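Asks:
There are 2 protein chains.
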Amino acid sequence: MRIVVADCSVDYAGRLSAHLPRATRVLMLKADGSILVHSDGGSYKPLNWMSPPCALSPVELETEQLEAGVVEAWQVTHQKTADKLIVSLFEILHDSSHELGVDPGLIKDGVEAHLQELLAEQIELLGDGHTLVRREYMTAIGPVDILAKDPAGASVAIEIKRRGEIDGVEQLTRYLELMNRDPVLAPVQGVFAAQEIKPQARTLAEDRGIRCVVLDYDAMRGMEDLNTLF
Amino acid sequence: MRIVVADCSVDYAGRLSAHLPRATRVLMLKADGSILVHSDGGSYKPLNWMSPPCALSPVELETEQLEAGVVEAWQVTHQKTADKLIVSLFEILHDSSHELGVDPGLIKDGVEAHLQELLAEQIELLGDGHTLVRREYMTAIGPVDILAKDPAGASVAIEIKRRGEIDGVEQLTRYLELMNRDPVLAPVQGVFAAQEIKPQARTLAEDRGIRCVVLDYDAMRGMEDLNTLF
DNA sequence: TTTTTTATGTCGCCA
DNA sequence: TGGCGACGTAAAAAA
Numbered sequence: 001m002r003i004v005v006a007d008c009s010v011d012y013a014g015r016l017s018a019h020l021p022r023a024t025r026v027l028m029l030k031a032d033g034s035i036l037v038h039s040d041g042g043s044y045k046p047l048n049w050m051s052p053p054c055a056l057s058p059v060e061l062e063t064e065q066l067e068a069g070v071v072e073a074w075q076v077t078h079q080k081t082a083d084k085l086i087v088s089l090f091e092i093l094h095d096s097s098h099e100l101g102v103d104p105g106l107i108k109d110g111v112e113a114h115l116q117e118l119l120a121e122q123i124e125l126l127g128d129g130h131t132l133v134r135r136e137y138m139t140a141i142g143p144v145d146i147l148a149k150d151p152a153g154a155s156v157a158i159e160i161k162r163r164g165e166i167d168g169v170e171q172l173t174r175y176l177e178l179m180n181r182d183p184v185l186a187p188v189q190g191v192f193a194a195q196e197i198k199p200q201a202r203t204l205a206e207d208r209g210i211r212c213v214v215l216d217y218d219a220m221r222g223m224e225d226l227n228t229l230f
Numbered sequence: 001m002r003i004v005v006a007d008c009s010v011d012y013a014g015r016l017s018a019h020l021p022r023a024t025r026v027l028m029l030k031a032d033g034s035i036l037v038h039s040d041g042g043s044y045k046p047l048n049w050m051s052p053p054c055a056l057s058p059v060e061l062e063t064e065q066l067e068a069g070v071v072e073a074w075q076v077t078h079q080k081t082a083d084k085l086i087v088s089l090f091e092i093l094h095d096s097s098h099e100l101g102v103d104p105g106l107i108k109d110g111v112e113a114h115l116q117e118l119l120a121e122q123i124e125l126l127g128d129g130h131t132l133v134r135r136e137y138m139t140a141i142g143p144v145d146i147l148a149k150d151p152a153g154a155s156v157a158i159e160i161k162r163r164g165e166i167d168g169v170e171q172l173t174r175y176l177e178l179m180n181r182d183p184v185l186a187p188v189q190g191v192f193a194a195q196e197i198k199p200q201a202r203t204l205a206e207d208r209g210i211r212c213v214v215l216d217y218d219a220m221r222g223m224e225d226l227n228t229l230f
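Order-wise, the sequence lines are chains A and B.
Under UniProt numbering, the letters of the first sequence match residues 1 to 230, in that order.
Under UniProt numbering, the letters of the second sequence match residues 1 to 230, in that order.
1) Would you mind telling me which residues of chain B sit closer than 7 Å to A/Lys84, beta carbon to beta carbon, in chain order?
2) Chain A partners of B/Ser34, CB-CB under 9 Å?
3) Going by beta-carbon coordinates alone, are A/Lys84 and A/Gly14 separated by less than 8 Å?
4) Throw me the rounded Cβ distance for the B/Gly164 and B/Glu196 pair, which I believe falls under 8 Å.
5) Give the C-beta separation of A/Met1 and A/Leu100 to the nearest angstrom, bearing in mind that I take them to be a contact with Cβ-Cβ under 8 Å.
6) Taking 8 Å as the threshold, find out whether the segment 65 to 76 of chain A comes into contact with the segment 74 to 81 of chain B through three or more Cβ pairs.
7) Hey, how far is the Cα of A/Thr63 from the Cα of A/Glu72?
8) What first and last residue would you give for the alpha helix (DSSP H) that runs through A/Lys199?
9) Please report the Cβ distance between B/Leu106 and A/Leu47, rounded to the nearest whole angstrom; I am assuming they are in contact, meaning their Cβ atoms lie under 8 Å.
10) Near A/Ser97, what residues of its chain come up, given a Cβ to Cβ distance below 8 Å and the 5 sequence neighbours on each side ignored?
11) Since A/Tyr137 is in the beta strand (DSSP E), which residue starts that stretch and which ends it?
12) Along the chain, where does the beta strand (DSSP E) that runs through A/Asp95 open and close?
13) Does the count of Cβ pairs from the segment 50 to 62 of chain B and the segment 198 to 215 of chain A closer than 8 Å reach three?
14) Would A/Gln200 be called buried (16 or more neighbouring beta carbons within 10 Å of its own) or exposed?
15) Can you have a look at residue 288 of chain B and say buried or exposed, based on whether 16 or more other CB atoms are within 10 angstroms of its CB?
16) Which of the three DSSP states is assigned to B/Ala193 in this structure?
17) Using a Cβ cut-off of 8 Å (strictly closer), state whether A/Val4 contacts chain B.
18) Would you identify the three-state DSSP class for A/Ala113, choosing helix, strand or coil?
19) Inspect the CB distances between the segment 115 to 123 of chain B and the segment 18 to 29 of chain A and report whether three or more fall short of 8 Å.
20) Contact check, B/Ala18 vs B/Tyr12 under 8 Å by CB: the rounded distance?
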């Protein structure tokens with residue numbers, strides 16, 4: 001990994017053409033030949049970049065560029081798509097290289113899939129007498145996370161999110177609308193289950209007669225451990 | 001912009017939970033408080049990050065952490081969502097700060113928006129006698145890229161894409177269906193305009209009575225230059 | 001390998 | 001500010 005801080009301008013030609021006027025930026029050159037051009041703001045997306053597989057090579061400077069004050073120029077070319085990125089450096093303020101090694105990678109946990117798995121195992125969290133029909137119950141417009149039955153035998157459709165927001169309520173509403181047209185299933189009660197439910201989402205859900213259930217992930221995982229243990 | 005190369009581990013809790021085991025990585029700390037954790041591979045997406053607005057603060061180390069070899073720890077918290085990122089540093093290999101200033105930003109060229117602008121100016125490309133009604137004509141299900149009239153005064157709805165694929169045809173079909181129900185507009189003819197139209201998309205479009213027009217971006221831009229010149 | 005789906009998407013526009 | 005669509009979407013999962 002080579003890190004260069006420099007006064008530079010960048011030109012990209014590929015799926016679109018783009019230009020970055022002269023300014024001070026951070027250039028991250030990774031071991032696989034890829035390059036990221038970052039400014040001191042924005043989010044994780046670089047201003048400009050080239051993804052691997054690609055190769056960096058120095059560019060012979062023309063008189064015009066030398067006169068404009070260009071000290072050095074790089075050309076980064078994508079192996080397959082022929083996308084091209086040209087970095088013109090006017091002044092290098094910092095330049096260092098670092099041996100990083102291979103990264104062990106990110107371990108994700110607590111995603112929606114795991115919550116769904118846990119709630120399916122502990123369906124009684126919705127209330128005594130609830131029973132699981134099945135996970136990923138298929139409908140014409142997509143799978144409902146969990147289909148269950150309440151103690152009276154009525155259908156319950158459950159939408160699970162890590163964080164409950166409006167679009168989750170909309171999604172569940174679409175499922176309910178469809179399922180309530182099916183005489184075998186109707187009437188179907190909706191349950192919006194999440195670790196955290198935003199006030200706006202709760203209001204919308206309750207206004208539509210959808211029950212909101214806040215899930216305690218740690219407690220549910222604890223229960224699972226107990227179940228696995230015995 | 002502060003750049004730190006360090007042996008570290010990272011924990012994230014927000015929409016999901018994630019953990020990065022101890023390894024050497026590059027930490028980019030931006031002026032707005034945001035942080036990116038990069039490895040020496042992958043692509044432009046960091047292994048982990050926190051987007052602004054957020055704030056970084058040092059964490060008081062516990063005995064357990066000190067014994068494990070943690071030298072320093074940071075906590076980055078998102079202002080609104082309460083997402084949290086904790087970076088535990090075992091060894092700092094590099095640490096430098098740089099004044100970057102505000103970036104002038106990326107200048108894009110050749111995107112859909114520009115194509116739309118150009119076609120609106122050169123609406124006669126659809127055929128002599130065509131006139132522009134307006135760009136981004138609003139309908140109940142979203143804006144139609146361009147609404148025009150043919151020489152006979154009939155409505156023409158134009159969907160513009162850089163690369164014309166099936167979903168673009170579907171989108172235009174939805175607009176046409178809706179607009180043709182409006183007695184003021186009906187009958188509305190559809191035009192699918194793109195720099196490149198995939199055979200599948202062309203077949204579907206023509207089957208639905210939608211005209212396909214391939215746009216020559218360079219020629220259109222050339223025309224614009226002439227128009228600006230005189 | 002190719003296609004489809006997901007995403008801590010991000011970004012930009014317009015109501 | 002919130003909703004909606006495009007993105008050089010990228011990245012992961014499925015086929």
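Using N, Cα and C, we set each Cβ at its ideal position, and we do this for glycine too.
These numbers were taken from a predicted model, which means no experiment stands behind them.
Replies: Considering the structure as presented:
1) The residue you call residue 84 of chain A lines up with position 84 of the first sequence. The CB of A/Lys84 never comes closer than 7 Å to any CB in chain B; the least such distance is about 14 Å.
2) By 1-based counting over the second sequence, the position of residue 34 of chain B is 34. Neighbours of B/Ser34 on chain A, chain order: Gly41, Gly42, Ser43, Tyr44.
3) Taking the first sequence and counting its residues from 1, one reaches residue 84 of chain A at position 84. Taking the first sequence and counting its residues from 1, one reaches residue 14 of chain A at position 14. Contact check for A/Lys84 against A/Gly14 passes: the beta carbons are separated by less than 8 Å.
4) The count along the second sequence starts at 1 and reaches residue 164 of chain B at position 164. The count along the second sequence starts at 1 and reaches residue 196 of chain B at position 196. For a cut-off of 8 Å, the C-beta gap from B/Gly164 to B/Glu196 is around 7 Å, short enough to register as a contact.
5) Working through the first sequence from its first residue, we reach residue 1 of chain A at position 1. Working through the first sequence from its first residue, we reach residue 100 of chain A at position 100. The C-beta separation of A/Met1 from A/Leu100 comes to about 5 Å, placing the pair in contact by the 8 Å criterion.
6) No, the segment 65 to 76 of chain A does not touch the segment 74 to 81 of chain B.
7) The residue labelled residue 63 of chain A in the question sits at position 63 within the first sequence. The residue labelled residue 72 of chain A in the question sits at position 72 within the first sequence. Between A/Thr63 and A/Glu72, the alpha-carbon positions lie close to 12 Å from each other.
8) By one-based count along the first sequence, residue 199 of chain A stands at place 199. Sequence check: residue 199 of chain A is Pro here, not Lys. A/Pro199: member of the alpha helix (DSSP H) spanning 199 to 207, first to last residue.
9) Locating residue 106 of chain B in the second sequence gives position 106, counting from the first residue. Locating residue 47 of chain A in the first sequence gives position 47, counting from the first residue. Yes, they are in contact, since the Cβ atoms of B/Leu106 and A/Leu47 sit about 6 Å apart, within 8 Å.
10) The sequence position of residue 97 of chain A within the first sequence is 97, counting from 1. Taking A/Ser97 as the centre and dropping the five residues before and after it, the same chain places the C-beta of Met1, Arg2, Ile3 closer than 8 Å to its C-beta, in chain order.
11) Along the first sequence, one-based indexing puts residue 137 of chain A at 137. That run of the beta strand (DSSP E) goes 131 to 139.
12) The sequence position of residue 95 of chain A within the first sequence is 95, counting from 1. That run of the beta strand (DSSP E) goes 84 to 97.
13) Too few Cβ pairs lie closer than 8 Å, so no.
14) The residue you call residue 200 of chain A lines up with position 200 of the first sequence. Counting Cβ neighbours within 10 Å, A/Gln200 comes out exposed, since fewer than 16 surround it.
15) Residue 288 of chain B falls outside the range modelled here, since chain B spans only 1 to 230, and no answer is possible.
16) Residue 193 of chain B sits at position 193 when you count from the first residue of the second sequence. B/Ala193 falls in the strand class under three-state DSSP.
17) Sequence index remark: in the first sequence, residue 4 of chain A carries index 4 (1-based). So no, A/Val4 is outside the interface.
18) The residue you call residue 113 of chain A lines up with position 113 of the first sequence. Of the three classes helix, strand and coil, the one that applies to A/Ala113 here is helix, per DSSP.
19) Contact between the segment 115 to 123 of chain B and the segment 18 to 29 of chain A is absent, with fewer than three C-beta pairs closer than 8 Å.
20) Against the second sequence, residue 18 of chain B aligns to sequence position 18. Against the second sequence, residue 12 of chain B aligns to sequence position 12. Contact flag correct, Cβ pair sits at about 4 Å.
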